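Chemist:
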Ligand code: SF4
Ligand code: SF4
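Protein chains in written order, with the numbering used here: chain A, 1 to 376; chain B, 377 to 546.
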């Protein structure tokens, strides 16, 4: 063996980088996303993300639908946090029309949207554990998420595509057993979240896989347009709910969790802490929910005046913005969505360079992207 | 080390918990009362005809354009048995295209369409999910029986009467 090595002319051997196709059906890519990796041994030299497999032309489709039908399309943008998406579109139209949403509807919206945030983060927790090689947490996280989804079914009639938030309020009042359902759900949920937290957060193997991996500094993150938990993991306390309080968020007391290092573990733990904050918001909203109507507009055609608005909101994945142009008809003239996942994903190439392939999977998981929103 | 042990403890404790998994095909899932399954048409038992007058409101409002309908003169109206002058002749919903949004139910003025509790609708034919009037009515009557369905407009009227009564007595 040694003889053979000696005979080889080491100076003139060359190694060619290998191309590795990851996705579009790779289980770690959370949807249909393809990453073309140029690897040198185990190390990623370069990465080229390919998106567009889930492109449905949602923005264009919006132009052909009446305003109340567009809500169904927004449901399907970020299909992990449907309520948050419905909400931002409804708010855009409400702002354009100058409609005041009844207080009760606002409370219901906050409760459901925050529950959706927890559901989304739970899904992230489970699948991120899976990306790092932990099989068990996903079971626990899905069990908890299933509780939330069951609650959504009781309230809105659907587990995922609700079409429950309408322009001017919500579709119908909550069911009569809403209080019982929600209080028992909150009890269970707090236990579940704590359990998931205990299961994964400080597990040595998990910490070793994620701490110091995929670090990004605040400056770069801002340049890439990061928002939401991923940005807060880099150390900037920026949350649309605090920076520009919409709806009734100024009535509640909650913290904005911030981390410092901007690595995968920080991005993970900020989300875990956010779940606790969301729970506290829901509890506050639940105790203060007033009686009254839930719908400001009657059953008439929605025809906003000519003009345009930009509305933003804090989604589980970051800041979502909707730019809506109306030409005074019953259909929008243009709807532009600023998706948070797309901006996080754009930094992927920067993040995975010079890491191991296994770490690239972890980094992609830590960005918590939803392809429905990236591709639209 | 401590973190892993803590995690192991969680796993150990959960070993003794009751499983939460639904044994789906053997034991169908219990759905919530508000569950939105496939849309179906309701049957007016007091007259013996569908509620639907094929007014086309839901068809125009459906975001996926998955329904069609035509209307005809109601023979029972001529015999003065029914107050509906027109009645549905042909109705079809392509359940493959339906996105279960519930808009059709919201816009219908005649209590004629409901989101049934049906959610199993896979078949072997490409067009097997294009359900015509009799199929929709069958789904609807099953739903009506299962949930003791009362037309929403009657519910609303009863609520209004209640409120009026309360006001009068106050
Ligand atoms: S279901 Fe209702 S809205 Fe649709 S055609 Fe029949 S009566 Fe009209
Ligand atoms: S539920 Fe929605 S998609 Fe389905 S038939 Fe009714 S309006 Fe159309």
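Idealized CB from N, CA, C, for every residue including glycine. Source: prediction; values computed, not measured.
Using a Cβ-Cβ distance under 7 Å, would residue 380 of chain B count as near chain A?
Modeler: For this step, residue 380 of chain B is matched to residue 4 along the second chain. It does: the Cβ of residue 380 of chain B has a partner Cβ on chain A nearer than 7 Å.
Chemist: Alpha carbon to alpha carbon, what distance is there between residue 353 of chain A and residue 1 of chain A?
Modeler: As a first step, residue 1 of chain A must be located in the first chain, where it is residue number 1. As a first step, residue 353 of chain A must be located in the first chain, where it is residue number 353. Residue confidence is low: residue 1 of chain A scores 46 on pLDDT, short of 50, so the model does not pin down where it sits. Its coordinate-derived value is still stated next. Going from the Cα of residue 1 of chain A to the Cα of residue 353 of chain A covers about 35 Å.
Chemist: Examine ligand 1 and report whether any of its heavy atoms sits within less than 6 Å of the Cβ of residue 517 of chain B.
Modeler: Along the second chain, one-based indexing puts residue 517 of chain B at 141. No.
Chemist: DSSP three-state call for residue 136 of chain A: helix, strand or coil?
Modeler: As a working note, residue 136 of chain A is residue 136 in the first chain. In the structure shown, residue 136 of chain A sits in a helix (DSSP, three-state: H, G or I).
Chemist: Which residue's Cα is closest to the Cα of residue 172 of chain A: A:205, A:296 and A:328?
Modeler: Translated into the one-based positions of the first chain, residue 172 of chain A becomes position 172. Comparing alpha carbon positions, the residue from A:205, A:296 and A:328 closest to residue 172 of chain A is A:296.
Chemist: Tell me residue 426 of chain B's beta-bridge partners as DSSP assigns them.
Modeler: In the second chain, counting from the first residue as 1, residue 426 of chain B sits at position 50. Paired residues: B:419.
Chemist: At least one CB of chain A closer than 7 Å to the CB of residue 532 of chain B: is that the case?
Modeler: For the purposes of this step, residue 532 of chain B is taken as residue 156 along the second chain, with counting starting at 1. No, because no Cβ of chain A sits closer than 7 Å to the Cβ of residue 532 of chain B.
Chemist: Let me make sure I understand the geometry here. Which of A:86, A:139 and A:19 has the alpha-carbon closest to that of residue 395 of chain B?
Modeler: Here residue 395 of chain B corresponds to residue number 19 of the second chain, with the count starting at 1. Answer by Cα proximity: A:139.
Chemist: Output the boundary residues of the beta strand (DSSP E) element that contains residue 76 of chain A.
Modeler: For the purposes of this step, residue 76 of chain A is taken as the residue at position 76 of the first chain. Here residue 76 of chain A belongs to no beta strand (DSSP E), and DSSP marks it neither H nor E.
Chemist: Once you ignore the five residues that flank residue 277 of chain A on each side, which residues in its own chain have a CB closer than 8 Å to its CB?
Modeler: Start at 1 with the first residue of the first chain, and residue 277 of chain A comes out as number 277. Counting only Cβ-Cβ distances below 8 Å, and skipping sequence neighbours, we find 254, 255, 256 and 257.
Chemist: Give me the residue from A:292, A:188 and A:237 with the minimum Cα distance to residue 104 of chain A.
Modeler: Residue 104 of chain A sits at position 104 when you count from the first residue of the first chain. Measuring from the Cα of residue 104 of chain A, the nearest candidate turns out to be A:292.
Chemist: At a Cβ threshold of 7 Å, is residue 480 of chain B touching chain A?
Modeler: For the purposes of this step, residue 480 of chain B is taken as the residue at position 104 of the second chain. So, not an interface residue.
Chemist: Measuring straight from C-alpha to C-alpha, what distance separates residue 306 of chain A and residue 98 of chain A?
Modeler: The sequence position of residue 306 of chain A within the first chain is 306, counting from 1. The sequence position of residue 98 of chain A within the first chain is 98, counting from 1. For residue 306 of chain A and residue 98 of chain A, the distance between alpha carbons rounds to 12 Å.
Chemist: Mind checking whether the beta-carbon of residue 382 of chain A lies closer than 6 Å to any heavy atom of ligand 2?
Modeler: The question about residue 382 of chain A has no answer, for chain A in this structure spans 1 to 376.
Chemist: Could you check if residue 41 of chain A is buried or exposed, using at least 16 other CB atoms within 10 Å of its CB as the buried criterion?
Modeler: Indexing the first chain from 1 puts residue 41 of chain A at position 41. Burial call: exposed.
Chemist: Could you tell me the distance, in whole angstroms, from the CA atom of residue 438 of chain B to the CA atom of residue 481 of chain B?
Modeler: Position 62 of the second chain, counting from 1, holds the residue named residue 438 of chain B. Position 105 of the second chain, counting from 1, holds the residue named residue 481 of chain B. Distance from the CA atom of residue 438 of chain B to the CA atom of residue 481 of chain B, rounded to whole angstroms, is 10 Å.
Chemist: If you reduce the DSSP assignment to three classes, tell me which class residue 527 of chain B lands in.
Modeler: What you label residue 527 of chain B is simply residue 151 of the second chain in a count that begins at 1. Note: residue 527 of chain B maps to coil in three-state DSSP.
Chemist: Decide if residue 86 of chain A is buried, meaning its Cβ has at least 16 other Cβ atoms within 10 Å, or exposed.
Modeler: Within the first chain, numbered from 1, the residue matching residue 86 of chain A stands at position 86. Classification of residue 86 of chain A: buried, given that the 10 Å Cβ count is 16 or more.
Chemist: Residue 145 of chain A and residue 130 of chain A - do their beta-carbons sit closer together than 7 Å?
Modeler: By one-based count along the first chain, residue 130 of chain A stands at place 130. By one-based count along the first chain, residue 145 of chain A stands at place 145. Against a cut-off of 7 Å, the Cβ pair of residue 145 of chain A and residue 130 of chain A comes out as no contact.
Chemist: Give me, in chain order, the residues of the same chain whose beta-carbon lies closer than 7 Å to that of residue 154 of chain A; leave out the 5 immediate sequence neighbours on both sides.
Modeler: Counted from its first residue, the first chain places residue 154 of chain A at position 154. The residues are 175 and 181.
Chemist: My understanding is that residue 430 of chain B touches residue 392 of chain B, with C-beta atoms under 8 Å, so please give their C-beta distance in whole angstroms.
Modeler: Residue mapping note: residue 430 of chain B aligns to position 54 of the second chain, counting from 1. Residue mapping note: residue 392 of chain B aligns to position 16 of the second chain, counting from 1. Actually they do not touch by this definition, with Cβ atoms about 58 Å apart.
Chemist: Residue 127 of chain A: which of A:374, A:372 and A:361 sits nearest, CA to CA?
Modeler: The count along the first chain starts at 1 and reaches residue 127 of chain A at position 127. It is A:361.
Chemist: How should residue 502 of chain B be labelled, buried or exposed, when 16 other C-beta atoms within 10 angstroms of its C-beta is the threshold for buried?
Modeler: Reading the second chain from its first residue, position 126 is the one you call residue 502 of chain B. Its Cβ having fewer than 16 others within 10 Å, residue 502 of chain B is exposed.
Chemist: Checking contacts by CB at 7 Å: is residue 329 of chain A closer than that to chain B?
Modeler: Here the question's residue 329 of chain A lines up with position 329 in the first chain. Residue 329 of chain A does not count as touching chain B.
Chemist: Any heavy atom of ligand 1 closer than 6 Å to the Cβ of residue 508 of chain B?
Modeler: Counted from its first residue, the second chain places residue 508 of chain B at position 132. No, the beta carbon of residue 508 of chain B sits no closer than 6 Å to any heavy atom of ligand 1.
Chemist: Alpha carbon to alpha carbon, how far is residue 38 of chain A from residue 158 of chain A?
Modeler: Mapped onto the first chain, residue 38 of chain A falls at position 38. Mapped onto the first chain, residue 158 of chain A falls at position 158. Spanning the two alpha carbons is a distance of roughly 43 Å.
Chemist: Run the CB neighbour count on residue 78 of chain A, radius 10 Å, all protein chains shown included, and call it buried at 16 or more, exposed below.
Modeler: For the purposes of this step, residue 78 of chain A is taken as the residue at position 78 of the first chain. Result: buried.
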